[in-house]
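Sequence positions in the sequence shown follow the UniProt record's numbering and run 1 to 167. All C-beta atoms, glycine included, are put in the ideal place defined by N, C-alpha and C. Some notes on the structure that comes next.
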Amino acid sequence: MIHPLPQGRSFGEARIRRRIRTSLREQGFGVLRKRLVFLRELLSEDGSIYVHLDWKRGHYVKTLMDEVFGEHRFRSEIIWKSTSAHNNANNYGNIHQTIFYYSKGDNPVWNQIFVQYDVEYVETYFRYKDKDGRRFKSEDLTVPSRTAKNDFEFLGKRPSKKRGWGL
């Protein structure tokens with residue numbers, strides 16, 4: 001799997017990614033199909049494959065992987081939020097990438113993944129600590145418009161006049 005995080009990417013890896021993208025555009029998905037068939041043959045019966053894509057090609061590749069591995073071998077679609085929501089005047093913002101998870105056999109090996117958060121990330125986004133030392137972040141729970149549905153008391157509080165709860 002090509003790791004979805006931007007950390008630790010090498011110049012060579014970026015060059016390989018460009019070459020793969022270029023060959024997919026020029027030669028179509030036949031090249032990818034051949035590679036997926038080859039990779040399926042390399043996998044052990046309890047092996048799995050993860051394919052990381054941007055939002056533009058995910059639906060095509062999902063269909064292709066269903067063909068190569070079988071729909072019943074599809075395990076999960078992992079949505080990787082790659083950026084925060086942003087305004088786009090003419091369209092919805094493209095803020096995610098997709099990782100398809102397939103297995104070769106019926107009983108794939110599953111290793112639970114636990115990754116420590118980067119200390120800088122935790123200290124930046126979870127600046128406050130409760131009395132037990134657990135970190136949290138403080139956010140505005142209101143939205144800038146009040147409607148009948150979001151105008152109510154919550155934990156003994158009401159939003160200000162022009163705001164409603166965003167819960």
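Chain-order list of residues whose beta-carbon lies under 6 Å from that of residue i (same chain, five-residue window excluded)
| i | result |
| --- | --- |
| S48 | S103, P108 |
| I78 | I99 |
| G58 | T98 |
Close-in-space but distant-in-sequence residues of the same chain around residue i (CB under 7 Å, 5 per side omitted)
| i | result |
| --- | --- |
| Y60 | F29 |
| R33 | L64, V68 |
| S138 | Y128 |
| G164 | T142, V143, S145, R146, T147, N150, D151 |
| L43 | I49, K104 |
C-beta atoms of residue i and residue j nearer than 8 Å
| i | j | result |
| --- | --- | --- |
| D54 | Q97 | yes |
| R135 | V122 | yes |
Same chain, Cβ closer than 8 Å to residue i, neighbours up to 5 away in sequence not counted
| i | result |
| --- | --- |
| R75 | S48, Y101, Y102, S103, P108 |
Counterpart residues of residue i in DSSP-defined beta bridges
| i | result |
| --- | --- |
| R135 | K129 |
| K157 | F154 |
| G164 | V143 |
Could you name each continuous beta strand (DSSP E) segment of 3 residues or more that falls completely within the UniProt domain "DNA methylase N-4/N-6" (31 to 121), going from the start of the chain to the end? Taking only runs of at least 3 residues, the beta strand (DSSP E) segments lying wholly in the UniProt domain "DNA methylase N-4/N-6" (31 to 121) are 48 to 54, 74 to 81, 96 to 103.
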